[in-house]
Amino acid sequence: MKKILHACFILFAAVSFSQTIALETFATGFSSPVAVVNAGDERLFVVQRGGLIRIVNPNGTINTTPFLSLTSIITAGGERGLLGLAFHPDYATNGRLYVNYTRSGDGATVIAKYTVSDTDENIANANSGEILLTIAQPFGNHNGGSINFGPDGYLYIGMGDGGSGGDPNNYGQNLNSLLGKMLRLDVNGETGYTIPSDNPYVGIAGEDEIWAVGLRNPWKFSFDRLTGDLWIADVGQNAIEEINKAASTESGLNYGWRCYEGNSPYNISGCGDSSNYTFPVAQYTHASTGGCSLTGGYVYTGTTYPNLQNKYLFADYCSNRIGFISAEGGTITWTPNAFSGNIASFGEDVNGELYVAGISNGIISRIIDTSLSANDFQQNGLSLYPNPTSNSFTLQNTNLLDLTELTIYDSMGKRVANQKMDSLELTTVAIDNLTSGLYFVSVEEVNGGNFTSKLVVR
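When the count follows numbering that gives the first Met the number 0, it moves up by one through the sequence shown with no breaks and lands on 457 for the last residue.
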């Protein structure tokens with residue numbers, strides 16, 4: 000047992016998380032997907048900018064009937080359309096879901112509540128819509144889009160600065176406007192919404208819905224579901240993309256726009272001292288990366304890829320590269336390769352595994368760590384495939400080594416499966432009793448040799 004644990008440790012130490020992020024196609028055939036959301040179960044809900052929400056099943060198949068269609072009441076194209084979806088934390092019992100869309104006619108942002116059908120969990124009741132909040136939009140861009148429930152059970156809404164360029168009306172710093180802000184609403188009543196009593200501008204000058212100010216276009220934001228930290232990816236103007244982070248209890252922060260783009264002055268006319276602003280935990284420039292627009296993601300909280308844990312993943316829409324930083328902030332690491340499809344959104348499933356949506360190719364892809372797909376004992380004439388896998392794997396023994404035993408250990412070194420072996424060239428091993436996660440397959444041969452490989456089960 001000590002020998003196996005030592006081998007597992009060596010494997011962990013030998014795997015560096017250096018440019019091993021890859022994409023694996025999960026589902027195809029979407030039209031301009033802009034959000035991927037789970038409802039607390041195994042399904043994924045894909046939001047299409049044109050107004051449909053479609054369900055993807057755990058095997059990647061797509062339901063023929065849309066979950067919800069809002070095509071008749073929205074205007075879509077560019078930065079407008081059906082942009083956001085959030086399920087109530089008690090969705091399993093109350094069936095409530097919330098959407099963010101651009102209204103047909105005047106182009107206003109609408110936050111509305113719907114409920115799921117009483118008879119079919121795969122269809123929402125299209126007649127149940129209740130408009131909770133309407134925000135006029137002076138221009139057709141910088142509409143924001145994301146809506147998410149925080150760990151406090153309140154609904155957070157990321158609002159852009161109203162558009163054009165350079166925030167010409169200074170909405171980002173205007174406390175009497177909901178534009179350029181993070182909003183926080185209590186939607187737990189039967190109808191409408193109320194203002195949480197600890198919102199920072201309750202009882203003083205400023206709109207009561209505001210939670211944070213100074214944002215340009217927080218197209219995507221998310222909460223770390225282990226720590227509750229709020230991550231805001233704020234799309235920059237001409238030069239700098241910025242990633243902001245705050246504890247879920249930090250209210251009234253000012254992220255600086257339009258006074259600052261990232262941590263550099265942009266238009267400081269009428270602005271206060273720099274100490275009044277909260278600067279990003281990470282940023283990158285267009286010139287140095289070939290990027291142009293930040294797509295925020297998530298802190299990885301899954302178990303399949305340990306190397307991804309405690310990393311915040313994001314992408315750039317133009318460079319098509321995925322980046323990550325430590326959850327504590329710091330230096331950005333980018334994938335050397337560009338992906339395709341223009342990544343417009345990340346998604347998180349119920350298990351914390353991550354996905355991306357390509358808005359131009361209509362593909363939902365799963366994020367994987369390719370270092371866990373490599374076979375560590377291939378050089379000995381042994382190989383294991385498929386990896387990752389779900390129900391079984393095949394061990395190929397090309398050199399017909401005289402094998403005696405195969406043992407599977409979980410990531411903590413606990414033995415979870417064992418079987419006798421022989422010198423057959425191919426052996427199929429059933430693993431349908433294993434839960435998703437990282438395992439180690441150890442094979443012993445008659446002369447005492449021991450070979451170990453990583454195995455990802457999902």
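Note that beta-carbon positions come from the ideal geometry of N, C-alpha and C, so glycine has one too.
Check                                                                                                                                                          : Outcome
In whole angstroms, what is the alpha-carbon distance linking G448 and L96?                                                                                    : 56 Å
Taking only runs that begin and end inside the segment 147-223, name each unbroken alpha helix (DSSP H) of 4 or more residues, in chain order.                 : none
Which partner residues of R48 appear in the DSSP bridge assignment?                                                                                            : In the DSSP output, where bridge partners are listed per residue, R48 has none listed.
Around the C-beta of S452, are 16 or more other C-beta atoms found within 10 angstroms, so that it is buried, or is it exposed?                                : buried
Taking its Cβ as the centre, do 16 or more other Cβ atoms sit within 10 Å of L423, making it buried, or is it exposed?                                         : exposed
In the DSSP assignment, the beta strand (DSSP E) including T133 goes from what residue to what residue?                                                        : 123-134
Sorted by chain position, which residues of the same chain lie with C-beta nearer than 7 Å to N360's C-beta, five sequence neighbours on each side aside?      : S339, G340
Grouping DSSP H, G and I as helix and E and B as strand, with all else coil, what is Y465?                                                                     : Residue 465 lies beyond the stretch modelled for the chain, which goes from 0 to 457, so this question has no answer here.
Can you tell me where the alpha helix (DSSP H) holding N93 begins and where it ends?                                                                           : 90-93
Restricting to Cα atoms, I'd like to know which of S273, R215, V115 is closest to G164.                                                                        : R215
Of all the options N243, T118, G128, which has the alpha carbon lying nearest to the alpha carbon of I72?                                                      : G128
Within 10 angstroms of its Cβ, does Q418 collect 16 or more other Cβ (buried), or is it exposed?                                                               : exposed
So does I407 have its beta carbon nearer than 6 Å to some heavy atom of the ligand FMN?                                                                        : Within the structure as shown, the ligand FMN is missing, as the structure has no ligands at all.
Let me know the beta strand (DSSP E) ranges lying completely inside the segment 34-79, each 3 residues or longer, listed in chain order.                       : 43-47, 51-55
Per DSSP, which residues does Y384 bridge with? Please list them.                                                                                              : T393
Have a look at P279 and C258 and give me their C-alpha separation to the nearest angstrom.                                                                     : 14 Å
Within the segment 250-291, note down every full alpha helix (DSSP H) run reaching 4 residues or more, in order along the chain.                               : 285-288
Does the Cβ of H5 have 16 or more other Cβ atoms within 10 Å, making it buried, or fewer, making it exposed?                                                   : Caution applies to H5, whose pLDDT of 35 falls short of 50 and renders its modelled position unreliable; the value that the coordinates give is listed next. The residue is exposed, with fewer than 16 neighbouring Cβ atoms inside 10 Å.
Go to F345, then tell me how far its beta strand (DSSP E) extends in each direction, as first and last residue.                                                : 342-347
Among the residues of its own chain, which have a CB less than 7 Å from the CB of R457, if the five just before and after it don't count?                      : T303, P387, S389, S435
Pull up the CB-CB distance for F323 and T294, whole angstroms please, since I reckon it's below 8 Å.                                                           : Between T294 and F323 the Cβ distance is about 13 Å, and since that is not below 8 Å, they are no contact.
Thinking C-beta only, is L154 closer than 7 Å to L184?                                                                                                         : yes
Measure from the alpha carbon of G104 to the alpha carbon of each residue in A85, Q136, D117, then state which is nearest.                                     : Q136
Can you find the residues in the same chain that come closer than 8 Å, C-beta to C-beta, to G77, ignoring five residues on each side of it along the sequence? : G139, N140
Could you check the C-alpha separation between T248 and A204 for me, to the nearest Å?                                                                         : 21 Å
Within 10 Å of its beta-carbon, does P32 have 16 or more other beta-carbons around it, so buried, or fewer, so exposed?                                        : buried
Per DSSP, I331 is paired with what?                                                                                                                            : According to DSSP, which records beta bridges pairwise, I331 is partnered with nothing at all.
Going by the CB atoms, is the gap between N306 and D368 shorter than 7 Å?                                                                                      : yes
According to DSSP, simplified to helix, strand and coil, what is S325?                                                                                         : strand
What residues match up with D409 in a beta bridge as DSSP calls it?                                                                                            : Y438
Could you check which residue in S344, W256, V349, M411 has the C-alpha nearest to that of N362?                                                               : According to the sequence shown, residue 362 is Ile rather than Asn. Checked all of S344, W256, V349, M411; the closest Cα to I362 is S344.
Here's the rule: buried if 16 or more other CB atoms are within 10 angstroms of the residue's CB, otherwise exposed. What is N237?                             : exposed
Provide the residue span of the beta strand (DSSP E) that contains E352, from first to last.                                                                   : Per DSSP, E352 belongs to no beta strand (DSSP E) and is neither H nor E.
Between N58 and N398, what straight-line distance do the alpha-carbon atoms span, to the nearest angstrom?                                                     : 35 Å
Check whether the Cβ atoms of L69 and Y100 sit closer than 7 Å, and answer yes or no.                                                                          : yes
R414 lies in the beta strand (DSSP E); which residues open and close that run?                                                                                 : 414-419
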